[in-house]
Ligand SMILES: Cc1cc2nc3c(=O)[nH]c(=O)nc-3n(C[C@H](O)[C@H](O)[C@H](O)COP(=O)(O)OP(=O)(O)OC[C@H]3O[C@@H](n4cnc5c(N)ncnc54)[C@H](O)[C@@H]3O)c2cc1C
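Chains as they are written, first to last, in our numbering: chain A, 1 to 256; chain B, 1 to 314.
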């Protein structure tokens, strides 16, 4: 079983997010990056499937500038067999269809049985990549998987639906499946893993000019959301904060 | 046809977000038609009989009695090709996430998801965990849009009527490759979050599993129940039946007291109806403060133990 895992490097949830001067995105120079959390679950699921099968290959694929080699290396340290970086200039691609087509052109050469991805990224949050690739490569697709069972030429997934409902779906392979967070407990890399990862291959792919696609949607501007609600800000030293909260609970909301 | 809204059935009735999507479609201007698919199509058309619409298109097919991604991607693609709407609009639901990107890839039409508002010719979407808003525009003649919960209110829908048209679509039996079983619910826990007066809600800002008892102690002195955000449940720190949000419970208590919850949209949709929201977060820019009545800027681990003490003594 040959499994591709798509990982993205995104700003960490506690990172500073200063706007770039042209206000089209953030200024990445002061951003701390991490592996997109749902992708980490997708990677773990791929490793578990391989371990259960006793054979196979897990290939991590990411698109972006050279900084993303860090998350590819991290995935290799956790046990992925090799990595592919689809090179991109500094500005991250934000048109999902263009992203999907670029990934599809690279994945096509490899004939994967299974493509796993996180259900959406913490940065642009378009939530489409895995499904787009599945369609572009003629694979079957499923989203929001919270359990997987691989069978002969098939995969059965438990999908999360809304408001506490679930559904089992069986798909023929090859399939592209997006993973919902929480379906496993992602491992940390071992020291041996980290050492071993240094020797593993990361292939860098520069898509040729004829692969330069025209974007059908563009992100024109980002801005800080304005609040419309009347909010009382409570800050200061802990004593004062506690006193004010007790007051609010007693006199304003009247719950004690 | 200017705009086609693709409707969703939620266990037999029209999905709430589909109705809001119709309201969103109306605000784009021009004519609005809707498409309903499968065994619930007639009853959904009936539900909309009092709403002013251009046409209600109905598709029935033996392979798509209920939702499956293969069948929906095919039917919706065929309808878009035959009817040529400029805008294709849906609610941003799990089902939309599941099949709409396939339509986008198949027809090479951009899909702008999860829109919270319109601004002139662009669409506003939250990015970077709701810390920023992005304006997105399309350069294509046709565009697919999905609207986030509560982006539009279905109360604004004009009364009126519409024509119903049955579309004949032929599907090859080989199109539906996946086998979908019936949806089911998992056993619920013994806590009724929905009827709790006060909820103390724990987010990842609680930092460690060992700190969870702080939340339960606060809940005890306030006579509250404990709820949680998804990452806290995913980490196994708190039972999943306590999760609030789009994949958990929808709550509207008298007081929602959150501890280190950032305020991501999938969490907020489940609790923004709360009468009062008091949020503690150490990040003054946390999105939860946009909907909070009381924004407490500080460290949960410092404030809450002192607060428990103060409440016990008062
Ligand atoms: C399809 C889908 C469905 C989802 N469904 C749900 C759902 O039902 N419910 C849900 O909650 N999420 C859901 N999510 C996840 C959601 O997008 C967010 O990731 C999640 O809500 C974030 O949880 P959090 O606020 O606890 O954590 P984070 O976003 O990590 O926020 C932690 C916050 O704690 C603050 N903090 C850290 N330390 C401290 C401290 N010591 N004192 C005070 N503050 C501190 C930080 O400033 C930060 O704001 C879903 C996501 C998707 C894509």
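Beta carbons: idealized from backbone N, C-alpha and C, even for Gly.
Can you tell me the Cβ-Cβ gap for residue i and residue j, rounded? I've got them flagged as a contact below 8 Å.
{"i": "residue 9(A)", "j": "residue 64(A)", "result": "6 Å"}
{"i": "residue 199(B)", "j": "residue 217(B)", "result": "Not really, about 15 Å apart at Cβ, beyond 8 Å."}
{"i": "residue 259(B)", "j": "residue 203(B)", "result": "6 Å"}
{"i": "residue 147(A)", "j": "residue 154(A)", "result": "Going by Cβ atoms, the distance from residue 147(A) to residue 154(A) rounds to 14 Å, so no, they are not a contact pair."}
{"i": "residue 201(B)", "j": "residue 123(B)", "result": "Wrong, their Cβ atoms sit about 30 Å apart, outside the cutoff."}
{"i": "residue 185(B)", "j": "residue 164(A)", "result": "6 Å"}
{"i": "residue 219(A)", "j": "residue 136(B)", "result": "5 Å"}
{"i": "residue 131(B)", "j": "residue 287(B)", "result": "6 Å"}
Count the other CB atoms, across all protein chains shown, that sit within 10 Å of the CB of residue i; report buried if there are 16 or more and exposed otherwise.
{"i": "residue 4(A)", "result": "buried"}
{"i": "residue 20(A)", "result": "exposed"}
{"i": "residue 45(A)", "result": "buried"}
{"i": "residue 289(B)", "result": "buried"}
{"i": "residue 17(B)", "result": "buried"}
{"i": "residue 318(A)", "result": "For chain A, the structure presents residues 1 to 256; residue 318(A) sits outside this window and is missing."}
{"i": "residue 234(B)", "result": "buried"}
{"i": "residue 179(B)", "result": "exposed"}
{"i": "residue 188(A)", "result": "exposed"}
{"i": "residue 233(A)", "result": "exposed"}
{"i": "residue 191(A)", "result": "exposed"}
{"i": "residue 195(A)", "result": "exposed"}
{"i": "residue 68(B)", "result": "buried"}
{"i": "residue 230(B)", "result": "buried"}
{"i": "residue 16(A)", "result": "exposed"}
{"i": "residue 11(A)", "result": "buried"}
{"i": "residue 98(B)", "result": "buried"}
{"i": "residue 284(B)", "result": "exposed"}
Which residues mark the beginning and the end of the beta strand (DSSP E) in which residue i is found?
{"i": "residue 63(A)", "result": "57–64"}
{"i": "residue 156(A)", "result": "154–160"}
{"i": "residue 165(B)", "result": "163–167"}
{"i": "residue 141(B)", "result": "Where residue 141(B) is concerned, there is no enclosing beta strand (DSSP E), given that its DSSP letter is neither H nor E."}
{"i": "residue 99(B)", "result": "From DSSP, residue 99(B) is part of no beta strand (DSSP E) but of the alpha helix (DSSP H) over 94–107."}
{"i": "residue 178(A)", "result": "175–179"}
{"i": "residue 114(B)", "result": "111–119"}
{"i": "residue 3(B)", "result": "3–6"}
{"i": "residue 11(A)", "result": "9–11"}
{"i": "residue 143(A)", "result": "140–151"}
{"i": "residue 198(B)", "result": "198–202"}
{"i": "residue 284(A)", "result": "Here chain A covers residues 1 to 256 and nothing more, so residue 284(A) does not appear."}
{"i": "residue 35(A)", "result": "33–35"}
{"i": "residue 36(B)", "result": "32–37"}
{"i": "residue 65(B)", "result": "It is not in any beta strand (DSSP E) - residue 65(B) carries neither H nor E in the DSSP assignment."}
{"i": "residue 91(B)", "result": "87–91"}
{"i": "residue 4(A)", "result": "2–6"}
{"i": "residue 279(B)", "result": "276–281"}
{"i": "residue 82(A)", "result": "82–87"}
Looking at the secondary structure, which residues open and close the alpha helix (DSSP H) in which residue i lies?
{"i": "residue 262(B)", "result": "Here residue 262(B) belongs to no alpha helix (DSSP H), and DSSP marks it neither H nor E."}
{"i": "residue 382(B)", "result": "The requested residue 382(B) does not occur in the structure, where chain B is confined to residues 1 to 314."}
{"i": "residue 76(A)", "result": "69–78"}
{"i": "residue 303(B)", "result": "300–313"}
{"i": "residue 294(B)", "result": "Counting along the chain, residue 294(B) falls outside any alpha helix (DSSP H), though it belongs to the beta strand (DSSP E) covering 294–297."}
{"i": "residue 196(A)", "result": "191–197"}
{"i": "residue 96(A)", "result": "96–108"}
{"i": "residue 244(A)", "result": "238–247"}
{"i": "residue 213(B)", "result": "212–222"}
{"i": "residue 204(A)", "result": "Note, residue 204(A): premise wrong, no alpha helix (DSSP H); beta strand (DSSP E) at 202–205."}
{"i": "residue 44(B)", "result": "41–47"}
Is it the case that the CB of residue i approaches a heavy atom of ligand 2 more closely than 7 Å?
{"i": "residue 244(B)", "result": "Looking for ligand 2 in the displayed structure turns up nothing; the ligands present are ligand 1."}
Going along the chain, which residues of the segment 135–153 of chain A sit with their C-beta nearer than 9 Å to a C-beta in chain B? 135, 136, 140, 141, 142, 143 and 144
Would you list, in chain order, the members of the segment 158–169 of chain A that have their beta-carbon closer than 9 Å to a beta-carbon of chain B? So the close ones are 159, 160, 161, 162, 163, 164, 165, 166, 167, 168 and 169.
When you check each C-beta in the segment 134–153 of chain B against every C-beta of chain A, which residues fall closer than 9 Å? Listed by position along the chain: 134, 135, 136, 137, 138, 139, 140 and 143.
Chain A contacts from the segment 203–215 of chain B (Cβ-Cβ distance under 7 Å): none
Output needed in chain order: residues of the segment 221–240 of chain A with a Cβ under 7 Å from some Cβ in chain B. 221, 222, 223, 224, 225, 227, 229, 231, 232, 233, 234, 235 and 238
Could you run through the segment 108–139 of chain A and flag, in chain order, every residue whose CB is less than 9 Å away from some CB of chain B? Of all residues in the segment 108–139 of chain A, only 119, 120, 122, 123, 124, 125, 126, 127, 128, 129, 130, 131, 132, 133, 134, 135 and 136 come within less than 9 Å of chain B when Cβ atoms are compared, listed by chain position.
Which of the residues in the segment 105–126 of chain B, read from start to end, lie with their CB under 8 Å from any CB of chain A? The segment 105–126 of chain B vs chain A, Cβ under 8 Å: 105, 106, 108, 109, 110, 111, 112, 113, 114, 122, 125 and 126.
Going along the segment 174–200 of chain B in order, which residues come within less than 8 Å of chain A, judged by CB to CB distance? Listed in sequence order: 177, 178, 179, 180, 181, 182, 183, 184, 185, 186, 188, 197 and 198.
To be precise: take each residue of the segment 45–76 of chain A, compare its Cβ to all Cβ atoms of chain B, and keep it if any distance is under 7 Å. Which residues remain? none
What are the residues of the segment 291–307 of chain B that lie near chain A, defined by any Cβ-Cβ distance shorter than 7 Å? 291, 292, 293, 294, 295, 296, 297, 298, 302, 303, 306 and 307
Proximal residues, the segment 2–25 of chain B versus chain A, C-beta separation under 7 Å: So the list is empty, because no residue satisfies the distance condition.
Relative to chain B, which residues along the segment 9–22 of chain A have a C-beta separation below 7 Å, given in chain order? Against chain B - using a Cβ distance shorter than 7 Å - the residues of the segment 9–22 of chain A are 11, 13 and 17.
Note down, in chain order, all residues in the segment 73–89 of chain B with a beta-carbon under 8 Å from any beta-carbon belonging to chain A. Cβ contacts with chain A: 73.
Could you list the residues in the segment 93–104 of chain A with a C-beta less than 9 Å from some C-beta on chain B, going in chain order? 94, 95, 96, 97, 100, 101 and 104
Quick one, which residues of the segment 241–255 of chain A are near chain B if we go by CB-CB under 7 Å, in chain order? Of all residues in the segment 241–255 of chain A, those with a C-beta nearer than 7 Å to a C-beta of chain B are 241, 242, 245, 246, 248, 253 and 255, reading in chain order.
If the cut-off is 7 Å on Cβ atoms, which residues from the segment 170–182 of chain A count as contacting chain B, listed in chain order? 170, 171, 172, 181 and 182
Using a Cβ-Cβ cut-off of less than 9 Å, list which residues of the segment 198–219 of chain A approach chain B; keep chain order. 214, 215, 216, 217, 218 and 219
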